[in-house]
Amino acid sequence: MEQIADPVARRTFLKLMGASLALAGVSACTRQPAERIVPYVRQPEELVPGRPLFYATAMAIGGVATGLLVESHEGRPTKVEGNPEHPSSLGASDIYAQAAVLGLYDPDRSQTLTNLGEIRPWSAFLGAISAALTAQRPLKGAGIRILTESVSSPTLASQIRDVLQRFPSAKWHQWDPASRDAARAGSKLAFGEFVDAQYRFENADVILSLDADFLGCGPGSLRYARDFAARRRPEQADRMNRLYAIESMPTSTGAGRSGGSGEPAEFAEAESKFLDAVAKDLQAHRGRSLVIAGDGQPPAVHALAHAMNQTLGNVGRTLVYTQTAEAEPVDQMASLRDLVADLNSGKVDLLVIIGGNPVYTAPADLKFADALGKAQLRAHLAMHDDETSALSHWHVPEAHFLETWSDARGHDGTVSIVQPLIAPLYGGKSAHEVLAAMSDRPERSAHDLIREFWKVEKDDRAWRRWLHDGVVPNTAFTPKIVTAAIRNPQSPIPNQSAIRNPQSAISPTGAVEVSFRNDPSVLDGRFANNGWLQELPKPITKLTWDNAVLVSPATAATLRAAGGPAFQGGEHGQILADVVELTAAGRTIRGALFTVVGHPDDCATVHLGYGRTRGGALALGAGFDANAIRTADAPSFAGGAAMKLTGDTFSLACTQYHHLTEGRGMVRSLTRDEFVRDPKAVHEGDETPPRTITLYPDYPYQGYKWGMSIDINACIGCNACVVGCQSENNIPVVGKKEVLSGREMHWIRIDTYYRGLAANPETYFQPVPCMQCENAPCEVVCPVGATSHSHEGLNDMVYNRCVGTRYCSDNCPYKVRRFNFFLYQDWNTPSLKLGRNPDVSVRSRGVMEKCTYCVQRINEAKIDSERESRPIADGEIRTACQQACPADAIVFGNLNDPNSRVAKLQAEERNYALLGELNTRPRTTYLAAVRNVNPELGE
Amino acid sequence: MAESLQPVEDPNRAYVGAGTPPVIAPGHTFGTVTDKISAIVLTRRTPLGWYAGFLLAGSFAFLLLVSLTYLVTKGIGIWGNNIPVGWAFDITNFVWWIGIGHAGTLISAILLLLKQTWRTSINRFAEAMTLFAVACAGIFPLFHTGRPWLAYWLFPYPNSMSLWPQFRSPLIWDVFAVSTYATVSALFWYVGLIPDLATLRDRSQSRAGRVIYGMLAMGWRGSARHWHRYDTAYLLLAGLATPLVVSVHTVVSFDFAIGIVPGWHTTIFPPYFVAGAIYSGFAMVLTLAIPIRAVYNLEDFITMRHLQNMAKVMLVTGLIVAYGYGTEAFISWYSGDKYEGFVPMNRIFGPYAFYYWLLITCNVIIPQALWFKRVRTSVPVLFVISLIVNVGMWLERFVIIVLSLSRDFLTSSWGRFAPTFWDWSTLFGTVGLFVSLLFLFLRFLPMISIFEIRTLLPEAKVSDE
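Chains as they are written, first to last, in the working numbering: chain F, 1 to 939; chain P, 1001 to 1465.
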């Protein structure tokens, strides 16, 4: 935990304080002052101490909101869940939403408003802004620039428009690395206007993904994952969809494909058979197919995808077009370029940066940092004192979305009111308040602004309804009729040369194409100070705490790059990687080389968001900054980059390096046709002993018998369950050094296995929590009975009783037990204490811990049901992993109830036990993967 | 008194190739035996080497103190243990020390019952070695726990919560087996010391010596009745200790055999562990006996007969151990179990293959030299081989524990282990503690049983005829 939250200074200070207090106490021989805990004099209605309340709110990334329900314990938000009423969530949530609680309580958040590093009051900021605005009045605001991230908040957009009305010559720029410039430009190219595409996976039989990670990130991805997974149930074989994925970097979306992978740059004759088959399949499913281009692809590819969907008759069936969720869509790269040009020509007197960190995220060739210095007055609203704050005169601490009022649109346009759950911890201000400062009534609060915009009257029943539901009804966009100009010869769409990336067409020998992606965990760097996300093993690579130069094994071999597991930690911890130098556009970065099976050859993928130089203790020093070789002309790709070994090595913290099953049958998979022919084929080679093998009678589980079913076919490896579990169960962050030693603490992990060819592997995700074995090997070996079986079949863990022999973990064949090798939990930082779940023990040093099936949720439901003299209903208890899962892959319930979902799923033919041959009788079982492979392409 | 001894011929050379060497060099009388052994404790100047050695060993023992203090302050994380390798140096060292502790009781008890007179010269310090080894071993089960201050929960003591240990766990069996073994070994050793303590009391020149040895001698006067009861008690204790030789390491092997980890879950473990324990125990006795007899000129008591016999025991137990390795590998293939079948492959070709082959070299290949009499009668070679076997037996436990854990069932969880500084410092710290205790023993107690050696003399046999 040393790495967390710069504890050195604080802890030393606390120690000294503690010591001097103690000494003072000794010398003075006085009694310590009595501290009284005052109970509620008037208990707030609805608030029962110990019982959480849930509030609806929403979190926006890249301007697009996901509706959330947030659990609040006595006024402290502790857990985020998806809002089932919200169309972008349907109750699921992503890692960013799950990690928002830690983001709120992050002790490194900037806590004071500063001017040139000195703490100033809000009124001083208002004064400075108003002085600057007054000076601009005669110029009609010609020197005013506002830089925001993507804005879907109707209130914020109207506030900005108001400011622009007051100062007609002022300009509004937008730059949001999490937003999708290419997709936006592609829609403009195809239709002549900005539109959003919304996919209807429930209608799509055949899907072609062109480097698109539509399940893993982007607007609506949670919703899409749910719809996509719902059509992958082989029990309804006729409804199974088929996904073709062509990817420049294997993603969790592509892992679920039924066939095909490859590389956009060199997609030549060898693959023509594949292409023909895909084309045939798409043609055969006119109106029931879908072509999706990835965010990293140039606009021309997006335009082509639009044209293909139109030609295939998919528009209106598997996808619809609507107006954009963003209030004011622009070409953001052009917008940023304009801003830089204005800055450089000295036109900017006042630059207000609302959120974002452009100094870090802007492509290197724009030299944004240099340009920024030319604005006369610079103000920056941000959660952390980051790279941009350092170059700004005024730094305003931003309120977290759980601290402030706002509004935002979901991917389909549905508006949610963002309501706060707690007063700003550090007096942070929201974007609304900063913009209000630029209006004629600077002192309006965000709450008033939102209500004013939505014209809430005295009688605010509707408003209360919106807050309660988390959605404003009837605000979803209606589909728009747009037509792609396919036959127009002037249009660049059919033009081959426009499709080819000019840089990648000619690549000198030894050169690689570098593709830039937002990091799957920390995105563009905005979550870089979030320990849960930093320590989250990234999908596919399983790397934590760093980014890397990702290449195929063949490319690494041509470089003669070595690298492999170190002895400390090894395959489950520490990978020694060669450091390479990537040179593109005359700039060079150094990063650790990491091989990814299934990555196309002769190109490299680097994730953005690392190599931060300011912005919190955790953000610092992790990885390298790939923005340094990124240019504004090709923000997603850099062709012709040179890659060479430096001779240095670097330790990467990787939680899984061995991805082959070694014939051990951890994941079972069939093709759809095989499954239809004989569903029992799943159990081929199964050596599970009969239940009669023991001399003892079976323990009769009366009452509840908890079990879980995990569908490998549905899992997309998105990690939401991992962070959800971490948040629910107070799981500590251990830091890179400990992950290197193989000591990360996650109670549920997502194992990734490959099968088939190295160049084009089948990829399977297998979430592994504690199996709650009926014959648990851990229980018999514990010398003190600290882990024992409950009468409902839970493998209980008694932390108080554990002496920490680690024998249980040694004897656990699933290796799901986690040990507190050090005092991993931060017991000192006050803000982190607020975010913990009060229903779950905070474990100390030297004890073992593991998944409990969220026993606190089970007990809560039991208490409720017993009070109401009724059995617990199916679905009443949802474990944290289940609740977070967008693909509905995890189902928990009572196996004694034959009508429960989990009992039905475990009765399916696909059901199998992991390592069932050990006779552990796990309560968590898996549903085998069934891939809908095109018979023409075969296995 | 030492000067009054009749110099004997170099016993190393005298008996090479001249039939079975005697267990005691000729020329000794009751008096010379007593003089020579008690002089080491009472009158001879403590050699400078003793101080130097004690200082060196003591500094390592101090390192152990530092390591354990740091361990308790910070946590198990200072070692290299991780998930999946939850046990590593800690349990390796534990099993190694317990194994070393086996020779003492075997020599004292079983050989006594089998009337192997040659045991007499070596049993005292072999027993002492046992005690110290068990003390070193005992450190690890205690301190390898995450919360050592609560480790007493492993004992069945009455408490207000009516909580008992979980008796199905082999760790509880360990607690009983090791504590019983430690108790019986200590008793056996102490009872055996009583007549000699009385000798020291009687011969001590200083008041402190007379008082301390006097108290420890518990009023021994050497009357016929004393001797009668002493013999009965000693024989009974020997009878008690004998099953422990087999049981302790059997129970220790259950720690692994009861587990389901491939490479642990093996029925051959109990006999194979016991053989291994005796193997390493005799190796350690040799490692200690050879320098001690050289430094203290005890070649006439610890003769080539002893060294040769111990070499033979090592050869036999080494062969049993080698057979164990072979059977383990064969059965894991023959079982057809994919997880078990992987174990030998991982050992032979996996990331730790070097250590496996080192183990085979140390424990199987090099000790085959003991087939040759020339090797068995060469003291330096025996010393080197005994050291190699000590290393080999440590590696055996490392291979069993770390290699099995690092790659078990799910390939996703495969990991590795590398020791940290604190792993090494704890291991060498216990070696330092062991050697320090041994130095104290050599200095303050008769390292060879005086009264038993006297029974080896021809004079003692008169009554038999």
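Note that beta-carbon positions come from the ideal geometry of N, C-alpha and C, so glycine has one too.
Query, Result
"I want to see whether chain P comes within less than 7 Å of F/K945, judged by CB atoms only; does it?", "Because chain F is modelled from 1 through 939, residue 945 of chain F falls outside the range shown and cannot be assessed."
"Listing by chain order, which chain P residues have their CB less than 9 Å from the CB of F/F822?", "K1074, G1075, I1076, G1077 and I1078"
"Can you give me the Cβ contacts of F/V780 inside the same chain, cut-off strictly under 7 Å, excluding the 5 residues immediately before and after it?", "none"
"Is the number of C-beta pairs between the segment 1290 to 1309 of chain P and the segment 1366 to 1382 of chain P that are closer than 8 Å three or more?", "yes"
"Could you check whether F/N811 and P/G1259 sit closer than 7 Å to each other, using their CB atoms as the reference points?", "yes"
"Please report whether the beta-carbon of F/N896 lies at a distance below 7 Å from any beta-carbon of chain P.", "no"
"Suppose the cutoff is 7 Å on Cβ atoms and the five residues either side in sequence are ignored; what does the same chain contact list for P/F1256 look like?", "W1264, F1269 and I1400"
"Considering only the beta carbon of each residue, do F/D196 and F/T322 sit closer than 7 Å?", "yes"
"Short of 7 Å Cβ to Cβ, which residues in the segment 563 to 577 of chain F face chain P?", "P565, F567, Q568, G569, G570, E571, H572 and G573"
"For F/P951, collect the residues of the same chain with a Cβ closer than 7 Å to its Cβ; drop the 5 residues on either side in sequence, then sort them by chain order.", "One cannot answer for residue 951 of chain F here, as it falls past the ends of chain F, which runs 1 to 939."
"Per DSSP, what kind of secondary structure is F/R726 in: helix, strand or coil?", "A small fix is needed here, since residue 726 of chain F is Gln in this sequence, not Arg. Reduced to three states, the DSSP call for F/Q726 is helix."
"So with CB distances below 9 Å, who are the chain F contacts of P/L1440?", "Under the 9 Å cutoff, chain F gives no residues; its nearest Cβ is about 32 Å from P/L1440."
"Verify the CB distance criterion: does P/L1150 have a CB-CB separation below 7 Å to chain F?", "yes"
"Any Cβ of chain F within less than 7 Å of the Cβ of P/S1169?", "yes"
"At least one CB of chain P closer than 7 Å to the CB of F/D959: is that the case?", "Because chain F here runs from 1 to 939, residue 959 of chain F falls outside it and cannot be looked at."
"For F/A638, which three-state DSSP category applies?", "strand"
"So, does the CB of F/H658 fall closer than 7 Å to a CB anywhere in chain P?", "yes"
"At a threshold of 6 Å, does F/V195 count as lining the ligand PLP (C-beta to nearest heavy atom)?", "Absent from the structure shown: the ligand PLP. Ligands present: none."
"Using CA atoms only, rank isn't needed, just tell me which of F/P539, F/P886 and F/N894 is closest to F/I877.", "F/N894"
"Buried or exposed for P/S1449, please, with buried defined as at least 16 other CB atoms from any protein chain shown within 10 angstroms of its CB.", "buried"
"Can you look up F/T661 in the DSSP assignment and give me helix, strand or coil?", "coil"
"Please look up how many angstroms separate the CB atoms of F/S169 and F/A142, rounded, as I've assumed it's under 8 Å.", "4 Å"
"Can you pull the chain P neighbours of F/Y807, defined as C-beta to C-beta under 9 Å?", "G1086, W1087, S1169, P1170, L1171, D1255 and G1259"
"With DSSP run on the structure shown, which of helix, strand or coil describes P/A1238?", "helix"
"Is the beta carbon of F/C770 closer than 7 Å to that of F/A786?", "no"
"State yes or no: is the beta carbon of P/R1207 nearer than 7 Å to at least one beta carbon in chain F?", "no"
"Taking C-alpha atoms, which residue in F/S221, F/K188, F/S209 and F/G186 lies nearest to F/Q198?", "F/S221"
"If contacts are defined as beta-carbon pairs under 8 Å, then P/A1284 and P/A1057 qualify, I think. What distance do you get, rounded to the angstrom?", "Residue identity differs from the one stated: residue 1284 of chain P is Met in this sequence, not Ala. Contact flag wrong, Cβ pair sits at about 15 Å."
"List, in chain order, every chain F residue whose beta-carbon is nearer than 9 Å to that of P/R1147.", "C802, V803, G804, S844, R845, G846 and V847"
"Quick check on P/W1414 - is its C-beta less than 7 Å from some C-beta in chain F?", "yes"
"Can you list, in chain order, the residues of the segment 654 to 683 of chain F whose Cβ is nearer than 7 Å to any Cβ on chain P?", "Q656, H658, L660, T661, E662, G663, R664 and M666"
"Give the range of the alpha helix (DSSP H) segment to which P/L1382 is assigned.", "V1379 to F1398"
"Considering just the uninterrupted stretch of the beta strand (DSSP E) at F/S406, what are its terminal residues?", "S406 to R409"
"In the DSSP assignment, what residue or residues form a beta bridge with P/M1345?", "Paired residue(s): none; P/M1345 is not in a bridge."
"Cα separation between F/A622 and P/F1254?", "45 Å"
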